[in-house]
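Residue numbers (the numbering used here): 11 to 114.
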């Protein structure tokens with residue numbers, strides 16, 4: 011890895027009607043990436059039945075490097091606050107923030 015910013019992608023397992031599909035964001039070439047794509051539309055009971063599986067990758071031309079692979083089980087408080095913030099580094103200075111919203 012040189013001095014160039016990583017091309018970061020987030021993969022999220024999305025449970026829909028008993029099966030799981032992968033949602034993947036576009037690449038974000040930045041040291042502080044953010045995304046507006048990668049939406050998972052499902053129900054809160056499906057999220058409560060299985061943990062969210064998340065993979066953060068630095069995508070390069072020939073290969074991809076895993077930055078983080080984790081899982082998280084949603085709690086009622088997560089739906090109340092509307093966000094989940096997961097640490098990407100041991101010291102907690104880098105985090106991945108997921109927004110939860112209700113589809114009308």
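For every residue, glycine included, the Cβ atom is placed at its ideal position computed from N, Cα and C.
Assuming residue 39 contacts residue 15 (C-beta within less than 8 Å), just tell me the rounded distance between them. Position 29 of the chain shown holds residue 39. Position 5 of the chain shown holds residue 15. Indeed they touch by this definition, with Cβ atoms about 5 Å apart.
So the alpha helix (DSSP H) residue 91 belongs to, where does it begin and stop? By 1-based counting over the chain shown, the position of residue 91 is 81. It spans 86–91 - the alpha helix (DSSP H) in which residue 91 sits, taken as one unbroken run.
Where residue 104 and residue 87 are concerned, what is the direct C-alpha to C-alpha distance, given to the nearest angstrom? As a first step, residue 104 must be located in the chain shown, where it is residue number 94. As a first step, residue 87 must be located in the chain shown, where it is residue number 77. Put simply, the backbone Cα of residue 104 is about 22 Å away from that of residue 87.
For the structure I just gave you, are there three or more beta carbon pairs, one from the segment 19–27 and one from the segment 63–72, closer than 8 Å? The segment 19–27 vs the segment 63–72: in contact.
How about residue 111 and residue 89: do their beta carbons lie closer than 8 Å? The count along the chain shown starts at 1 and reaches residue 111 at position 101. The count along the chain shown starts at 1 and reaches residue 89 at position 79. No, the pair does not count as a contact, with Cβ atoms beyond the cut-off.
What would DSSP say about residue 136, mapped onto helix, strand or coil? Summary: the structure shown does not reach residue 136, with the chain confined to residues 11 through 114, and so no result is reported for it.
Assuming residue 48 contacts residue 33 under a Cβ cut-off of 8 Å, what Cβ separation, rounded to an integer in Å, is found between them? Numbered from 1 along the chain shown, position 38 holds the residue referred to as residue 48. Numbered from 1 along the chain shown, position 23 holds the residue referred to as residue 33. About 5 Å separates the Cβ atoms of residue 48 and residue 33, confirming a contact at the 8 Å cut-off.
Name the one or two DSSP bridge partners that residue 80 has. On the chain shown, residue 80 is found 70 positions in, with the first residue counted as 1. DSSP, once it has assigned bridges, lists 64 as partnering residue 80.
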